[in-house]
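Have a look at the structure below, then the notes.
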Amino acid sequence: MLKAFKFRLYPSAPQADFLVRSFGCVRKVYNLMLNDRIESYKKHRETGDPIKLPTPAQYKKEYPFLKEVDSLALCNAQLHLKAAYNHFFRHPSSGFPKWKSRKHPVQSYTANNQNGTIAIVAGRYLKLPKMEPVRIKLHRQLQGQIKSATISCTATGKYFVSILCETKVEAKTLTGSVIGMDLGVTSFAAFSDGTKVQNPKHLMKTSDRLSKAQRKLSRRALQAQKEGRLLAGSRNYQKQRILVAKLHEKIANQRNDFQNKLSTELVNNHDVICVETLNVTGLVQNHRLARSLHDVSWSAFLSKLTYKAEWYGKQVIRVGRWFPSSQLCSACGHRDEKKGLHIREWSCPSCGTTHDRDVNASRNIRAEGLRQLYGTA
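Following the working numbering, the numbering of the sequence shown begins with 13 at its first residue and continues without gaps.
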């Protein structure tokens, strides 16, 4: 099984310069290959000539600086482009592969481990191809054999490495518990046992500071424009840009920490977790809900829950999108009329049971998940 371990890197100035050049070279090769594939396809449509798939090696004569960085990092750019094309063909709505931009807030490249080219040295340094060992904050031990390392730089200038290892993960002890979960905005999740996890609202709590910082950033940009200065050379603009990036980074870290802890707790305590398949793309079209939906980030949470369940021998059952979880009475099975989001409690006209909307939905999701799994609730 493949498992990634993420650590903070502390490169020296020359090492940081090499990493930045590596990001640029990988980005250059990716964009060159994407352009050549597009042009080859156009020629194929016009003349019928076979489509030629470019390789990184063919660019090194024209761009000698590409020889300065790890050649396998350039090869991985080719693999990433191929994966982007495959994803586009499988899911056309995701959009055609996009150009890599130097302005993207996160820059990265991936190096492969060949005969020990990637290794931990003396517990304090990370050995990488074509550079001196870089200092690493090893807050936990690696497990298994190193396969590759993805080095990244965030918008705040912090460097990280995600080390991919092939390892064995022991299955968790079975608890015999099956739980249904209904994700929401008011409460992040309601469970079939009657409990709820409140929405931490990380973005909402920081929105005032973030809005103020972004307005100040806009003023700095306008001032630099009036003075005829490039933003890259405006010290005040760059200081404010980093401040805004740090606020975004803090929100993302808080959200990631919350989701990791909750998903781990669910996998530890339950063998089967039943969830509803959500149409997030459709829901965010509602401008009243869009900000809140981006804040809760359901897709990222379900992704964490799914891969952790696979690691530890547990199951995540996804109930169909059109299953009427909010309309059914979990006590008697009566199907009531469709309800607006403002209705948080309702009473069943058939049996008289009063329901909390979200808890009732989670119980129906649990029953439907069991029906899908075993053929009965």
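Backbone N, C-alpha and C define an ideal beta-carbon position, used for all residues, glycine too.
Just verifying my parser: in three-state terms, what is the DSSP assignment at Ser362? coil
Does the contact criterion of 3 or more C-beta pairs under 8 Å hold for the stretch 115 to 123 versus the stretch 50 to 62? no
Can you tell me whether DSSP reads Asp375 as helix, strand or coil? Correcting the residue type first, residue 375 is Arg in the shown sequence and not Asp. DSSP places Arg375 in helix when its eight states are reduced to three.
Helix, strand or coil, according to DSSP, for Leu305 in the structure here? helix
Please state if the CB of Ile148 and the CB of Phe270 are separated by a distance shorter than 8 Å. no
Is the separation between the beta-carbon of Val38 and that of Ala85 shorter than 8 Å? yes
When the Cα atoms are used, what is the spatial distance from Gly332 to Arg221? 39 Å
Tell whether a beta-carbon distance below 8 Å holds between Tyr171 and Phe35. no
Which one of Lys262, Leu65, Ala264, Gln235 has the shortest CA to CA distance from Gln250? Gln235
Quick one: is Met45 buried, meaning 16 or more other Cβ sit within 10 Å of its Cβ, or exposed? buried
State the Cα-Cα distance for the pair Trp310 and Leu195, rounded to the nearest angstrom. 8 Å
Can you have a look at Phe200 and say buried or exposed, based on whether 16 or more other CB atoms are within 10 angstroms of its CB? buried
On the DSSP bridge assignment, give the partners of Asn124 in chain order. Ser160
Within 8 Å, do at least three Cβ pairs link the stretch 160 to 169 to the stretch 178 to 185? no
Three-state secondary structure (DSSP) of Val118: coil
Give the list of continuous alpha helix (DSSP H) stretches no shorter than 4 residues that lie fully inside the stretch 268 to 297. 292 to 295
Considering Asp29, what are the terminal residues of the alpha helix (DSSP H) in which it resides? 25 to 59
Environment of Val133 [buried if 16+ CB atoms lie within 10 Å]: exposed
Nearest to Lys110 by CA position, among Asn265, Arg49, Asn280, is which residue? Arg49
Ignoring anything shorter than 4 residues, give me the alpha helix (DSSP H) runs that lie fully in the stretch 321 to 351, in order along the chain. none
Under three-state DSSP, which class holds His367? strand
Near Tyr97, what residues of its chain come up, given a Cβ to Cβ distance below 7 Å and the 5 sequence neighbours on each side ignored? Pro109
Kindly give me the distance between the Cβ atoms of Lys142 and Val81, rounded to whole angstroms, as I take these residues to be in contact under 8 Å. 6 Å
Asp307 classed as buried or exposed, judged by whether at least 16 other C-beta atoms fall within 10 angstroms: buried
Answer with buried or exposed for Glu288, where buried requires no fewer than 16 other C-beta atoms within 10 angstroms of its C-beta. buried
Quick check: what's the CA-CA separation for Leu255 versus Lys217? 17 Å
Asn193 by DSSP, collapsed to three states: which one? In the sequence on display, residue 193 carries Met and not Asn. If DSSP states are grouped into helix, strand and coil, Met193 belongs with the strands.
Which residues does DSSP pair with Ser199 in a beta bridge? Gln210
Residue range of the unbroken alpha helix (DSSP H) whose run includes Lys94: 83 to 102
Please work out which residues of its chain come closer than 6 Å, Cβ to Cβ, to Val209, disregarding the five sequence neighbours upstream and downstream, and give them in chain order. Phe200, Ala201
Coil, strand or helix - Arg231 by DSSP: helix
Same chain, Cβ closer than 6 Å to Ala89, neighbours up to 5 away in sequence not counted: Val38, Val41, Tyr42
Tell me the DSSP secondary structure of Ile254 in three-state form. helix
Determine the direct distance from the alpha carbon of Glu261 to that of Ile158, and round the result to whole angstroms. 28 Å
Tell me the DSSP bridge mates of Phe19? Val173
Go ahead and pull the three-state DSSP assignment for Arg136. coil
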